[in-house]
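Trainee: One structure, pasted below without further comment.
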Amino acid sequence: MLLLGFKSGNIQILDVKIGKYLRLGSDYDHTDEVTCADFNDHLCLFATGSLDCKVKLWDYKKDLVRELAMTQPVRALQFLDISGNIIVGEGTDISLVAPKTYLTRSYATIVADKLRRHATSLLDRLRREIGAPEGETKKRGTRIPRPSLKLAERLRVMTK
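Heads up: the sequence shown at position 150 corresponds to 150 in this note's numbering, and the numbers run straight through without jumps.
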């Protein structure tokens, strides 16, 4: 997906897989220029910042999850980690927005379940690559074939 923000405050998403624009509802557009955006694939969220002093968080279904009022125009933002901490540059200040500020418990539960399923599928794939039966753990000292080392590293990062 490619997110486009405009001076008018409008936001559009281009789904590059199907080559179509997925328009967000204009009721939720920013009221001033969109200055920044970032995606968090682990939480299935993206955030937009604007000169209207707002950070808006959206899910991948293009629904507005939360709107955060900042004290100054938002110049930059970025998700810091998979848990959803966001650093926001507003005016001359920098703020840290914790996920508990904007994530509802139900949304956090849904995302946690998704991450758990993803980690399980990675484990199963790794087990198939090294020849271990599903559900069986690798014995200590068993050598992982070369192509699986990248997968093992991704798995290590996912389970931390």
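Yeah, the Cβ is synthetic: ideal placement off N, Cα and C, and Gly gets one too.
1) From the DSSP output, which residues share a beta bridge with SER95?
2) Indicate the three-state DSSP secondary structure (helix, strand or coil) for VAL111 in the structure shown.
3) Measuring CB atoms only, is the stretch 8-23 touching the stretch 64-78, in the sense that at least three cross pairs come out at less than 8 Å?
4) Among the candidates LEU80, HIS42, THR31, whose CA atom is the shortest distance from the CA of ARG117?
5) Starting from ASP79 and walking both ways along the beta strand (DSSP E), at which residues does that stretch end?
6) Is it right to say TYR102 is buried, meaning 16 or more other beta carbons lie within 10 angstroms of its own, or is it exposed?
7) On the DSSP bridge list, what partners appear for THR120?
8) Based on DSSP bridge pairs, tell me the residues matched to PHE46.
9) Between the Cα of VAL55 and those of MET1, LYS100, HIS30, spot the shortest distance and give me the residue it belongs to.
10) LEU3 lies in the beta strand (DSSP E); which residues open and close that run?
11) Look at the alpha carbon of TYR60 and the alpha carbon of ASN40, and state the distance between them as a whole number of angstroms.
12) Please name the residue, chosen from ILE110, MET70, ARG105, ASP32, that lies closest to ASP93 on a Cα-to-Cα basis.
13) Could you check the C-alpha separation between ARG127 and SER106 for me, to the nearest Å?
14) Closest to ILE82 by CA distance: which of LEU68, LEU4, LYS114, SER95 is it?
Mentor: The structure says:
1) VAL88
2) helix
3) no
4) HIS42
5) Looking at the sequence shown, residue 79 is not Asp but Phe. Its beta strand (DSSP E) spans residues 74-79.
6) buried
7) THR120 is not bridged to any residue.
8) PHE39, TRP58
9) HIS30
10) 2-5
11) 10 Å
12) MET70
13) 32 Å
14) LYS114
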